[in-house]
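Per our numbering, the sequence shown starts with residue 593, numbered consecutively. The beta-carbon is built from N, C-alpha and C at its ideal position, and this holds for glycine as well. In this text, all values refer to a predicted model and were calculated from it rather than measured experimentally. The structure under discussion appears below in the form of structure tokens.
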Amino acid sequence: MLKKGMKVAVLTGAGISAESGIRTFRAEDGLWEEHRLEDVATPQAWNANPEMVWRFYQARRRQLLEVEVNPAHDALAELEEGFGEDFTLITQNVDDLHERAGSKRFIQMHGELRKLRCEECGHVCEAMEPEQLKDDYVPCSNCSNQRLRPHIVWFDEEPFGRWTCEAAVHDCDVFIVVGTSGHVYPANNLLPIARHTGSYCIGVNLDPPLNVDFFHEFHQGKAGELLPGLVKEWLES
Ligand code: OAD
Numbered sequence: 593m594l595k596k597g598m599k600v601a602v603l604t605g606a607g608i609s610a611e612s613g614i615r616t617f618r619a620e621d622g623l624w625e626e627h628r629l630e631d632v633a634t635p636q637a638w639n640a641n642p643e644m645v646w647r648f649y650q651a652r653r654r655q656l657l658e659v660e661v662n663p664a665h666d667a668l669a670e671l672e673e674g675f676g677e678d679f680t681l682i683t684q685n686v687d688d689l690h691e692r693a694g695s696k697r698f699i700q701m702h703g704e705l706r707k708l709r710c711e712e713c714g715h716v717c718e719a720m721e722p723e724q725l726k727d728d729y730v731p732c733s734n735c736s737n738q739r740l741r742p743h744i745v746w747f748d749e750e751p752f753g754r755w756t757c758e759a760a761v762h763d764c765d766v767f768i769v770v771g772t773s774g775h776v777y778p779a780n781n782l783l784p785i786a787r788h789t790g791s792y793c794i795g796v797n798l799d800p801p802l803n804v805d806f807f808h809e810f811h812q813g814k815a816g817e818l819l820p821g822l823v824k825e826w827l828e829s
């Protein structure tokens, strides 16, 4: 279904980083790294218990130093090389594994663990130095605020680049979705948009996601095992 000159958009979720050792969100016990999502991933949680939320995200940020890209991230970087400007990668993931694999045209709609943001002056900074990865708060280098927040989109907050993502999906000929359960709006609305605007929709996921019926083609299994072969086929077609 993929031919040179076609526009390709890809949406990824936590499942693509699972084989790198980063836990997905909706595990069977309903907990994410021993926490309920709403206890650590909402503005309300940050206001009520900033220390707990901060320690939780510092642990996630430190984990980035221990994980490596897997063959699924590599495969998408290769697909981008083949399609160049006709390719857009949208990820819900806040890790940096797509970038490390060599992806360039990507949007991190739920934010980036590597960065922190000042709620006073809006300053956003890369913060991966050892002293910025401890459990102490990190002060803003641009104003007097002593407590930066994670540069993460929490529930009830607006995703980054939302309209750019929707436009890319609206315009694409082929939409590929990898490793997402389809629970979280507005990311889960991109597949219906693609389908209703005439794109050919391909899914790759360990389990059928909530919105599986929107796919023309669904490949069930691990992204790291399936994507390299699929990308090879797509680039040869
Ligand atoms: P989920 O944890 O909801 O879903 C992960 C999906 O990946 C599931 O459908 C799994 O079956 C699938 N999966 C697991 N391992 C896989 C593998 N090796 N290969 C392929 N698929 C695999 O994660 P998301 O849908 O990404 O938001 O969650 C969406 C958002 O919910 C996240 O971005 C996060 C969370 O709230 C924020 O942090 C803002």
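Nearest-angstrom Cα separation, counted from residue j out to residue i
i	j	result
LYS696	GLY753	15 Å
ARG652	LEU705	7 Å
GLU625	ARG615	7 Å
GLU809	GLY795	6 Å
ASN803	TYR792	15 Å
CYS713	PRO801	39 Å
LYS599	ASN734	40 Å
ASN639	PRO731	17 Å
GLU643	TRP746	16 Å
VAL661	TYR649	20 Å
ALA610	GLN684	13 Å
ARG709	GLU828	43 Å
PHE675	SER736	45 Å
VAL766	LYS726	43 Å
ASP763	ASP687	27 Å
VAL761	GLU620	31 Å
ARG741	LEU681	26 Å
ILE608	ARG618	14 Å
GLY703	ARG692	16 Å
N-terminal and C-terminal residue of the alpha helix (DSSP H) that residue i is part of
i	result
PHE675	663-675
LEU740	Here LEU740 belongs to no alpha helix (DSSP H), and DSSP marks it neither H nor E.
ALA601	Not the alpha helix (DSSP H): ALA601 falls in the beta strand (DSSP E), residues 600-604.
ASN639	635-640
ILE768	Premise fails: ILE768 lies in the beta strand (DSSP E), 766-770, not in any alpha helix (DSSP H).
GLU809	Looking at the DSSP string, GLU809 is not in any alpha helix (DSSP H); the run it does join, the beta strand (DSSP E), is 809-812.
SER609	607-610
LEU657	Where LEU657 is concerned, there is no enclosing alpha helix (DSSP H), given that its DSSP letter is neither H nor E.
ALA815	815-828
ALA693	689-693
VAL632	629-632
ALA786	782-788
Best match in the options for proximity to residue i [C-alpha to C-alpha]
i	options	result
TYR729	ARG739, GLU721, CYS735, VAL776	ARG739
GLY774	VAL766, LEU818, LEU783	LEU783
ALA664	LEU594, GLY816, GLU828, GLU630	GLY816
GLY771	TYR777, ASN797, ASP748	ASN797
LEU822	GLU758, GLU670, VAL776	GLU670
GLU658	ASP678, VAL632, GLU630, LEU689	LEU689
GLU718	GLN812, HIS743, ALA786	HIS743
Reduced DSSP secondary structure (H/G/I, E/B, other) of residue i
i	result
GLY703	strand
LEU708	strand
GLU750	coil
THR680	strand
VAL716	strand
PHE806	helix
HIS775	coil
PHE648	helix
Span of the beta strand (DSSP E) around residue i
i	result
VAL796	792-797
GLU721	Run containing GLU721: none; DSSP gives neither H nor E here.
Residue-chain proximity (residue i, chain C), Cβ-Cβ < 9 Å
i	result
CYS732	You won't find chain C in this structure, because it holds only one protein chain.
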